[in-house]
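For reference, the structure discussed in these notes is given below.
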Amino acid sequence: MNKKRIGILTGGGDCPGLNGVIRGVVRAAVRRDWDVVGIEDGFDGFLHQEKCRLLSLEDVRGILPRGGTILGTTNRGNPFSFPIMREGKIELVDVSDEVVSRIELLGISALVVVGGDGTLKIALELMKRGVPIVGVPKTIDNDLLETDVTFGFNTALETATDALDKLHSTAESHHRVMVLEVMGRYAGWIALEAGIAGGADVILIPEIPYDIERVAQAIVERGRRGGRFSVIVAAEGAYPKGGSRVVKEAAGGKSVVERLGGVGEKISHELGGVLEMDVRVTVLGHLQRGGSPSTFDRCLSSRFGVQAVELIEAGSFGQMVCLKGRQIGAAPIEDAVRHLKLIDPDGALVRHAEELGIMLGR
Numbered sequence: 001m002n003k004k005r006i007g008i009l010t011g012g013g014d015c016p017g018l019n020g021v022i023r024g025v026v027r028a029a030v031r032r033d034w035d036v037v038g039i040e041d042g043f044d045g046f047l048h049q050e051k052c053r054l055l056s057l058e059d060v061r062g063i064l065p066r067g068g069t070i071l072g073t074t075n076r077g078n079p080f081s082f083p084i085m086r087e088g089k090i091e092l093v094d095v096s097d098e099v100v101s102r103i104e105l106l107g108i109s110a111l112v113v114v115g116g117d118g119t120l121k122i123a124l125e126l127m128k129r130g131v132p133i134v135g136v137p138k139t140i141d142n143d144l145l146e147t148d149v150t151f152g153f154n155t156a157l158e159t160a161t162d163a164l165d166k167l168h169s170t171a172e173s174h175h176r177v178m179v180l181e182v183m184g185r186y187a188g189w190i191a192l193e194a195g196i197a198g199g200a201d202v203i204l205i206p207e208i209p210y211d212i213e214r215v216a217q218a219i220v221e222r223g224r225r226g227g228r229f230s231v232i233v234a235a236e237g238a239y240p241k242g243g244s245r246v247v248k249e250a251a252g253g254k255s256v257v258e259r260l261g262g263v264g265e266k267i268s269h270e271l272g273g274v275l276e277m278d279v280r281v282t283v284l285g286h287l288q289r290g291g292s293p294s295t296f297d298r299c300l301s302s303r304f305g306v307q308a309v310e311l312i313e314a315g316s317f318g319q320m321v322c323l324k325g326r327q328i329g330a331a332p333i334e335d336a337v338r339h340l341k342l343i344d345p346d347g348a349l350v351r352h353a354e355e356l357g358i359m360l361g362r
């Protein structure tokens with residue numbers, strides 16, 4: 001009987017916990033006497049022989065507390081729309097045949113794809129080409145269906161909450177309005193949960209277009225009640241009623257999707273014009289992606305890695321590992337990427353935030 005060989009890659013944006021998944025897959029595979037091939041820089045690694053390497057127990061020793069991914073990643077590596085330079089211009093070409101051939105040449109009998117919505121959609125397309133795939137959900141935005149939580153989210157949440165704690169003291173000292181801009185393109189999970197945990201006065205999320213006049217009124221009313229400062233947390237994808245998201249860089253060239261950024265400055269400018277208070281902005285940016293994963297994310301990512309190997313052993317391809325309650329299970333990748341998991345504007349989490357006296361921009 002030939003030894004089974006599985007591949008693993010990490011695609012899309014990095015986040016804390018990726019190394020935990022890699023370690024979990026390698027340790028569980030070695031127990032079964034399987035080989036594991038690590039593919040560097042997402043699907044791009046299949047296009048370069050030197051980026052495909054065997055992973056041993058020694059390779060994953062000590063990586064659990066490390067942020068990032070030892071395999072590297074990219075959010076531009078779509079083999080069905082791969083950017084190449086021709087005559088000084090970037091052209092998108094389909095190199096999926098080359099990727100499939102490389103998978104076969106490497107003798108990979110199953111591929112573990114760790115990524116978010118975009119990466120798992122690419123995995124689905126490769127499955128149609130006959131590649132046996134198991135998915136592992138990864139995103140700090142927590143916006144994937146079929147899993148209660150994605151690893152990386154908890155660590156990002158702690159980073160944002162810690163920032164809010166620190167902003168409270170300086171806001172109170174100077175009687176200022178502090179605006180914290182956090183990640184969240186379409187889903188405001190980080191902003192909402194960190195805002196609740198960090199005692200924010202105003203939370204602005206993409207799912208609820210905000211009315212800046214009502215935000216200003218809420219801050220003024222807070223002042224009348226003795227609150228001499230206010231803290232606002234805004235997801236990068238938050239936008240005003242009748243308006244649009246603040247785009248830092250349009251899609252095209254090196255950017256597959258438009259880059260958001262600047263909503264904090266926009267809110268600061270608008271509030272500064274109507275409030276008799278100093279308004280300052282802090283943008284967390286990639287700090288939310290970095291650093292050592294939390295205890296929760298270390299445990300979850302490790303279990304996800306083991307579950308991926310167990311799914312391969314059972315021949316359950318086309319499945320994504322997931323967390324339901326406290327149980328690790330599986331769900332079809334196709335179901336997980338139907339659409340994004342967004343916050344219900346009329347749901348319990350929003351209602352509870354408003355019951356706590358937090359203003360949601362409406």
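Residue numbers for the sequence shown follow the UniProt record's numbering, beginning at 1 and rising by one. Where a beta carbon is used, it is the ideal one built from N, C-alpha and C, also for glycine.
Could you give the distance in angstroms between the alpha-carbon of residue i and the alpha-carbon of residue j?
i: Ala110; j: Ala191; result: 37 angstroms
i: Val233; j: Thr155; result: 17 angstroms
i: Gln319; j: Ala336; result: 9 angstroms
i: Val321; j: Gln307; result: 7 angstroms
i: Ser268; j: Ala218; result: 15 angstroms
i: Met1; j: Ile39; result: Here Met1 scores only 48 on pLDDT, less than 50, and its place in the model is too uncertain to base an answer on.
i: Val247; j: Gly261; result: 6 angstroms
i: Leu9; j: Gly72; result: 9 angstroms
i: Gln49; j: Val177; result: 53 angstroms
i: Asp97; j: Asp117; result: 22 angstroms
i: Gly67; j: Leu349; result: 29 angstroms
i: Ala194; j: Gly237; result: 16 angstroms
i: Ala200; j: Lys4; result: 51 angstroms
i: Ser244; j: Ala235; result: 13 angstroms
i: Val114; j: Asp44; result: 14 angstroms
i: Gly305; j: Glu334; result: 20 angstroms
Report the option in the options whose CA atom is closest to the CA atom of residue i.
i: Ala187; options: Pro206, Gly195 and Ala171; result: Pro206
i: Lys329; options: Met277, Glu310, Gly226 and His48; result: Note on residue identity: the sequence assigns Gly, not Lys, to residue 329. When each option's Cα is compared against that of Gly329, the closest is Glu310.
i: Ala250; options: Glu258, Gly285 and Lys89; result: Glu258
i: Glu104; options: Leu271, Leu204, Val60 and Gly7; result: Gly7
i: Leu271; options: Val220, Asp297 and Lys241; result: Val220
i: Arg23; options: Ala331, Asp59 and Asp44; result: Asp59
i: Arg280; options: Pro240, Val231 and Asp297; result: Val231
In the DSSP assignment, find the unbroken alpha helix (DSSP H) run with residue i in it and report its ends.
i: Val279; result: That residue, Val279, is in no alpha helix (DSSP H); its beta strand (DSSP E) goes Val279 to Val283.
i: Gln217; result: Ile212 to Arg224
i: Leu111; result: Looking at the DSSP string, Leu111 is not in any alpha helix (DSSP H); the run it does join, the beta strand (DSSP E), is Ala110 to Gly115.
i: Val134; result: Taken as a continuous stretch (DSSP letters only), Val134 belongs to no alpha helix (DSSP H), being part of the beta strand (DSSP E) at Ile133 to Pro137.
i: Phe153; result: Phe153 to His174
i: residue 385; result: Look at the range of the chain in this structure, 1 to 362, and you will see that residue 385 is not part of it.
Please list the terminal residues of the continuous beta strand (DSSP E) segment that includes residue i.
i: Lys248; result: Val247 to Glu249
i: Lys324; result: Gln319 to Lys324
i: Gly329; result: Gln327 to Pro332
i: Leu340; result: No beta strand (DSSP E) holds Leu340; DSSP gives it neither H nor E.
Determine the DSSP secondary structure at residue i, reduced to helix, strand or coil.
i: Met1; result: Confidence at Met1 is low in this model, with a pLDDT of 48, below 50, so the placement of that residue should be treated as unreliable; the coordinate-derived value is given next. Coil.
i: Asp35; result: strand
i: residue 436; result: The chain is shown from 1 up to 362; residue 436 falls before or after that span and cannot be answered.
i: Thr10; result: strand
i: Gly17; result: coil
i: Glu91; result: strand
i: Met127; result: helix
i: Arg303; result: helix
i: Ala200; result: coil
i: Glu354; result: helix
i: Arg23; result: helix
i: Arg76; result: coil
i: Glu270; result: helix
i: Glu50; result: helix
Assign residue i to one of two classes, buried (16 or more other C-beta atoms within 10 Å of its C-beta) or exposed (fewer than that).
i: Gly226; result: exposed
i: Val93; result: exposed
i: Thr295; result: exposed
i: Gln288; result: buried
i: Gly357; result: exposed
i: Ser302; result: buried
i: Ala171; result: buried
i: Asp14; result: buried
i: His352; result: exposed
i: Met85; result: exposed
i: Ile108; result: buried
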